[in-house]
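In what follows, a single structure is set out as C-alpha cells and then discussed.
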Amino acid sequence: MSTTEYDVIAAEIHRKALENVAREMAITLMRTSGSPIVVEAKDFSTCLLDRTPEHLSFAAYVIAHLGSSLVGTQKVNELAQSMDLAPGDGWIVNDPHTAGALHQGDVSVIMPTFYGDEHLGWSFVNMHVLDIGGVGISGFAPGAHDVWQEGLRFPPIRVIRDGVLSTEWEEFIAANVRVPGPVINDLRSMIAANNTASRKLTKLIDEYGLERHKQFCELNKDLSEKVLRSRIAALPDGVYSAVNWNEYDGHEGADRLLEMRLDMEVAGDDLHFRYSGVPQIDGFVNSTSGSMLGCTMTALTVMLAYGDLPVNGGMFRPIHLDLGEPGTIVNATPPAPVSASHAEVGSHAVNLVRDALNQALVRANEPSLRRRVSGRTVDGFPAFALFGANQHGGSSVMFYVDGAAATGGPAQPFADGLDTYGFTMMAGCGMSDVETHEAQDPVFFLWRRITANCGGPGIARGGNGMEQAYAVRYAAGVAGPVWNNIAEVPPHGFGGGLPPSAGDYIVMRETNVDELLGSGLLPTRARLDGTTPPTRNKVTHLALGAGDVFLSRSGGGGGLGDPLLRELASIGRDLQAGYVTPKHAAAAYGVVVSDDGKVDEQATAERRAAIRRERIGREPARDMAHPEVPGVATVHADGSVACAYCSADLGDPDRWSEGPAVVARTTPVVEAFADWDMRVRDRQERPQVTLAARFCGTCAGALQIETIVEGWTSDAPVGAVGFAQEDEGAT
C-alpha cells in the first residue's frame, strides 16, 4: 500500500485506534498505581512498538520517553532473539548506561504483543517510581560519585512470566527500596497497563484483520516521515551551532560550568545532530543515549511536529544522532553517575536543539515555519527528594514534580509564553493538589502563586513560573538531596528578547509558622521570621525540621523581540494581574507607571527613546517597526541580512554580529537582573556569566541578547572555559 493509494478515512481511524490503545494503557496505569506521581503529576508514558522496533503510537505525557522507549525496547528485542518468547513475558528496565532509561528512577516494564501465535511487537510502560534505593532518594543522587551508589540498576531482565512478577525478584526489590509497598504496586500496575495493550490490540486486529493492520501501521509511519521530511526540506541547508553550560556545584567542590555544544546540519530532508561536551564528571549530571535521543526528539516535536503530526516511528527516520566520543557529559560511560541524565545535561540539550532550529527556521521561506521560533526556557526546576517518618506512623518519600510542571513557557511570534507551562520534556504532566501532599506527607503548604517578573521581557513576554512554600509539620523532620539545574546561567530569549528569571530555592529555619497558624494569621512571606542560611545549588543532604519552611521558585520562559516594542495594553494587564512590577516595567520595558498604577504613555515614549539612545550612544537614525519575526531577517538577494525592525543592512549572515552596523554591549548577568528586578543566583567564582547584547546601529533595536560565560568564544575548543579558575578573581 503506497502513501498515494489508500483509504484515507480507514487509515486515520486505525491510527487513532492505536493512539487510543496507548491512552487506555495510561488510564489503566493511573487507576491502579495510587502514586500521586502517576495519578496527578502524570510522570509516565505508554506506547506501542512493532517488531522492528518502531513506534506505532505514543501517549505523550513525558515526551523524552520517546528516546528511552526506543532504546530500551531495542535492547529487549535483541535479547529476545535468543530466548523463548511467550505472551505474559516481561522485562524490567531502568539502566541509562545499558538500556536507554532517562534515569534510574524511571522504571520501565516492556512486554511482547501477540496475535495468536505471531509475535507482533512490544508494549512499553514507564513511570517514575517513588524510590529505587541507593544514596539518592526517588532516583536522584546528587551525592553519588559513581553509578553504583545511585540505586538499583536493571539492564533488561526478564522478571515477569505469565503476567506475574517473580516472587524472588519482588522480594529482592522490596528489600532494597525505602517504600517497598508503593514500588511493588507500581510494578504490578505497569504489568496491568501492558495487559490492557494486549487485549485492546487483539480486539483491534480482530476488526481490521492482521494484514490490513500491518499495512496501516506501515502507511501511517510513512506518512509521518513524509510530512516531517517536507518541513525539514523547507529549512535552508547548512550547519547551525549552539552552546550551553550545565551548572554543577555538588560534592562541596568548585562551582563548575560544564560546556556542551550542538552542531545541527540540515541536509536536504535529513537532520543531523552532532553533540560534544567536556569529559564526564563524578556527579549525577552526565547523560546517555536514551536521554539525549529523547531530549532531541522533545525539542523537535514541539517545534516541527507542533501538535498536528502523529507521533510514530516515521518521525525518527530523518533524524541522525551523533554523541561524539564516549566519556563526555553527553555520552557518558560507566561508572559515571547518571541519575539526573535527563534533568541536567539532557534538559540543556532541549535548549540547544531549540536554539539551532531557531537559526534555521528564521531563514526559511515559509512564513509558517518562521513563526515557529521561540525563546529558550528554564528547562529544569528546583527539586528535592526527602525521606522521613510521617504523621500516619509510616514513612514518606517526598518527590514533588510541581516545580517541573510550573516553569514558564517560551514566547513565540504569535503569543506570550504560557505561565506555568512546564518542563518541555514533561509537556503532558501536571502537579498534584496540595491536599494530596498534605494528606500523605508531614507538610503544610503555605502558598502557591505565579512569580512576578519571571518571564523574559520582549514584544512577546516569556511565561512566568510558580513559587510555592511548605512547612514541615506533624513530624520531627525529613531529609534528603536538593538540587536546581539552572540558577546562574539563565537561558536567553530570541530576536532581542531578554532571558527569564532562573529557578531557585530558599530554606527558612526555625520559623514562627506554628505561632502564626495558632493565632489565625496567614503565614505570608512578610510575617515569617527565621534564619535563611545560604545553600549551594546542589545539596547532598538537607535536613528539614518541624517549623522549617522550604520555598521553591520555578524559572520562566525566554522573551521574544525587543521589549521596547511590547504593546502598552499588554503591559498594563500584566501590571494589574501582578505578573510584572512597576520597577520591572520601567527597567525592562521602558514603561513609566503613574501613582494610580496606570501606564503614563507620554513619559513612557520619552523613556523608551532615552533607552534607545543609551544603547547605541547616539540618536537612532530610523524608527523601529513591529516585525513579522524579530531580530535579524534575511531579505536581500545577495544573501545579506537586515535588521528586522528597520531593514538596515547588517552584512554577512554568518558574521553580522561583528560588523560595523551593530553596536555590542556586555553586562554581568547579576547586574542586569538586579536592574530589571529579576532573579538569578550570584555566581561567586570565575568564570562569570555575562549578557552579550547586540543592537542595530541604525534604529537601536535589540537584535540578540545572549547569555554567555566569561572568556568563551565560538572558535575555542569545547571546555576551554567554564571550570572554576584558580586566579585572584576566584573565591
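Residue numbers (this note's numbering): 1101 to 1831.
Positions of the beta carbon are idealized from the N, C-alpha and C atoms, including for glycine.
message: Can you list, in chain order, the residues of its chain with a C-beta nearer than 6 Å to that of residue 1630? Leave out the 5 residues immediately preceding and following it.
response: For the purposes of this step, residue 1630 is identified with residue 530 of the sequence shown, where counting begins at 1. So the list reads 1608, 1609, 1610, 1611, once near-sequence residues are dropped.
query: By how many angstroms is the C-alpha of residue 1317 removed from the C-alpha of residue 1270?
result: As a working note, residue 1270 is residue 170 in the sequence shown. As a working note, residue 1317 is residue 217 in the sequence shown. Answer to the nearest angstrom: the Cα atoms are 36 Å apart.
task: Count the other CB atoms, across all protein chains shown, that sit within 10 Å of the CB of residue 1696; report buried if there are 16 or more and exposed otherwise.
output: The residue you call residue 1696 lines up with position 596 of the sequence shown. Its Cβ having fewer than 16 others within 10 Å, residue 1696 is exposed.
query: Do you know how far the Cα of residue 1688 is from the Cα of residue 1791?
result: In the sequence shown, counting from the first residue as 1, residue 1791 sits at position 691. In the sequence shown, counting from the first residue as 1, residue 1688 sits at position 588. If you take the alpha carbons of residue 1791 and residue 1688, they lie about 14 Å apart.
message: With a threshold of 8 Å on Cβ separation, who are the neighbours of residue 1632 within its own chain once the five nearest residues in sequence on each side are excluded?
response: Taking the sequence shown and counting its residues from 1, the one referred to as residue 1632 is at position 532. For residue 1632, same chain residues with a beta-carbon under 8 Å away, outside a window of 5 residues either side, are 1606, 1607, 1608, 1609 in chain order.
- prompt: In its own chain, which residues sit with a C-beta less than 6 Å from the C-beta of residue 1068, not counting the 5 before and 5 after it?
  reply: A query on residue 1068 cannot be resolved here, the shown segment of the chain reaching from 1101 to 1831 and no further.
query: Is residue 1412 near residue 1294, with beta carbons less than 8 Å apart?
result: Residue 1412 sits at position 312 when you count from the first residue of the sequence shown. Residue 1294 sits at position 194 when you count from the first residue of the sequence shown. No, the pair does not count as a contact, with Cβ atoms beyond the cut-off.
task: Given a cut-off of 8 Å, decide if residue 1274 and residue 1260 are closer than it, judged by their beta-carbon atoms.
output: The residue given as residue 1260 occupies position 160 in the sequence shown. The residue given as residue 1274 occupies position 174 in the sequence shown. Not in contact: residue 1260 and residue 1274 (Cβ atoms no closer than 8 Å).
- request: Output the distance between the C-alpha atoms of residue 1172 and residue 1185, rounded to the nearest integer angstrom.
  value: Along the sequence shown, read from residue 1 onward, the residue named residue 1172 stands at position 72. Along the sequence shown, read from residue 1 onward, the residue named residue 1185 stands at position 85. Distance between the alpha carbons of residue 1172 and residue 1185 is about 17 Å.
message: Considering Cα atoms alone, identify which of 1415, 1218, 1309, 1384 is closest to residue 1158.
response: As a working note, residue 1158 is residue 58 in the sequence shown. Considering only alpha carbons, the answer is 1415.
query: From residue 1486 to residue 1519, what distance separates their C-alpha atoms?
result: In the sequence shown, the residue the question calls residue 1486 occupies position 386. In the sequence shown, the residue the question calls residue 1519 occupies position 419. Counting only the Cα atoms, residue 1519 lies some 27 Å from residue 1486.
query: What residue does the alpha helix (DSSP H) around residue 1635 start on, and which one ends it?
result: As a first step, residue 1635 must be located in the sequence shown, where it is residue number 535. It is not in any alpha helix (DSSP H) - residue 1635 carries neither H nor E in the DSSP assignment.
query: Would you call residue 1694 buried or exposed, if buried means 16 or more other Cβ atoms sit within 10 Å of its Cβ?
result: Numbered from 1 along the sequence shown, position 594 holds the residue referred to as residue 1694. Classification of residue 1694: exposed, given that the 10 Å Cβ count is below 16.
Simplified DSSP state of residue 1395, which is helix, strand or coil: To locate residue 1395, count along the sequence shown from 1; it is residue 295. Residue state, collapsed to three classes: helix.
message: Assuming residue 1594 and residue 1458 are in contact, meaning their beta carbons sit under 8 Å apart, how far apart are those beta carbons, in whole angstroms?
response: Numbered from its first residue, the sequence shown carries residue 1594 at position 494. Numbered from its first residue, the sequence shown carries residue 1458 at position 358. Correct: roughly 6 Å between the Cβ atoms.
query: So residue 1365 packs on residue 1339, CB below 8 Å; how close in whole Å?
result: Along the sequence shown, one-based indexing puts residue 1365 at 265. Along the sequence shown, one-based indexing puts residue 1339 at 239. Sure, about 5 Å apart at Cβ, within 8 Å.
message: Going by beta-carbon coordinates alone, are residue 1445 and residue 1385 separated by less than 8 Å?
response: Your numbering for residue 1445 matches position 345 in the sequence shown. Your numbering for residue 1385 matches position 285 in the sequence shown. Contact flag set, yes.
task: With a cut-off of 8 Å on the beta carbons, I'd call residue 1803 and residue 1743 a contact; round off their distance for me.
output: As a working note, residue 1803 is residue 703 in the sequence shown. As a working note, residue 1743 is residue 643 in the sequence shown. For residue 1803 against residue 1743, the beta-carbon gap comes to about 7 Å, under 8 Å, which counts as contact.
message: How far does the beta strand (DSSP E) with residue 1345 in it extend, from its first residue to its last?
response: Numbered from 1 along the sequence shown, position 245 holds the residue referred to as residue 1345. Residues 1338–1348.
field: Paired residues, beta bridge with residue 1547 - DSSP
entry: Taking the first residue of the sequence shown as position 1, residue 1547 is located at position 447. The secondary-structure analysis by DSSP pairs residue 1547 across a beta bridge with 1569.
query: Between residue 1262 and residue 1291, what straight-line distance do the alpha-carbon atoms span, to the nearest angstrom?
result: Translated into positions along the sequence shown, residue 1262 becomes position 162. Translated into positions along the sequence shown, residue 1291 becomes position 191. Rounded to whole angstroms, residue 1262 and residue 1291 show a C-alpha spacing of 10 Å.
- request: Please report the residue range of the alpha helix (DSSP H) in which residue 1147 lies.
  value: Taking the first residue of the sequence shown as 1, we reach residue 1147 at position 47. Not the alpha helix (DSSP H): residue 1147 falls in the beta strand (DSSP E), residues 1144–1150.
- prompt: How would you call residue 1726, buried or exposed, if buried means at least 16 neighbouring beta carbons within 10 angstroms?
  reply: Locating residue 1726 in the sequence shown gives position 626, counting from the first residue. By the 10 Å Cβ count, residue 1726 comes out exposed.
message: If distances are taken between C-alpha atoms only, which option among 1440, 1555, 1323, 1422 comes closest to residue 1408?
response: The sequence position of residue 1408 within the sequence shown is 308, counting from 1. Nearest C-alpha to residue 1408: 1323.
Bridge-paired residues (DSSP) for residue 1459: Along the sequence shown, one-based indexing puts residue 1459 at 359. Note: residue 1459 is not bridge-paired with any residue in the DSSP secondary-structure output.
query: Under three-state DSSP, which class holds residue 1554?
result: If you number the sequence shown from 1, residue 1554 lands on position 454. The answer is coil: DSSP assigns residue 1554 none of H, G, I, E or B.
message: Check whether the segment 1509–1523 and the segment 1470–1481 are in contact - that is, three or more C-beta pairs closer than 8 Å.
response: The segment 1509–1523 is in contact with the segment 1470–1481.
field: Where the beta strand (DSSP E) containing residue 1833 begins and where it ends
entry: Past the boundaries of the shown model lies residue 1833; the chain is included only from 1101 to 1831, so the question cannot be answered.
message: Here's the rule I'm using: 16 or more other beta-carbon atoms within 10 Å means buried, otherwise exposed. How should residue 1110 be labelled?
response: One-based indexing of the sequence shown puts residue 1110 at position 10. Residue 1110 comes out exposed.
query: Alpha carbon to alpha carbon, what distance is there between residue 1542 and residue 1331?
result: Position 231 of the sequence shown holds residue 1331. Position 442 of the sequence shown holds residue 1542. Roughly 51 Å between the two C-alpha positions.
task: With a threshold of 16 other CB atoms inside 10 Å of the CB of residue 1498, please say whether the residue is buried or exposed.
output: Residue numbering aside, residue 1498 sits at position 398 when the sequence shown is read from its first letter. Under this definition residue 1498 is a buried residue.
Segment contact, 8 Å Cβ cut-off, at least three pairs: the segment 1703–1722 with the segment 1794–1803: The segment 1703–1722 and the segment 1794–1803 touch, with no fewer than 3 CB-CB distances between them shorter than 8 Å.
query: To the nearest angstrom, how far is it from the Cα of residue 1831 to the Cα of residue 1592?
result: Taking the sequence shown and counting its residues from 1, one reaches residue 1831 at position 731. Taking the sequence shown and counting its residues from 1, one reaches residue 1592 at position 492. Residue placement at residue 1831 is poorly supported in this model, since its pLDDT is 26, which falls under 50; the coordinates still yield a value, given next. Counting only the Cα atoms, residue 1592 lies some 27 Å from residue 1831.
- prompt: Where do the N-terminal and C-terminal ends of the alpha helix (DSSP H) with residue 1308 fall, by residue?
  reply: Numbered from its first residue, the sequence shown carries residue 1308 at position 208. From DSSP, the alpha helix (DSSP H) with residue 1308 extends over 1280–1308.
task: Identify the continuous alpha helix (DSSP H) that holds residue 1618 and give its terminal residues.
output: Numbered from 1 along the sequence shown, position 518 holds the residue referred to as residue 1618. For residue 1618, the enclosing alpha helix (DSSP H) stretches over residues 1613–1618.
message: Is the beta carbon of residue 1690 closer than 8 Å to that of residue 1681?
response: Numbered from 1 along the sequence shown, position 581 holds the residue referred to as residue 1681. Numbered from 1 along the sequence shown, position 590 holds the residue referred to as residue 1690. Not in contact: residue 1681 and residue 1690 (Cβ atoms no closer than 8 Å).
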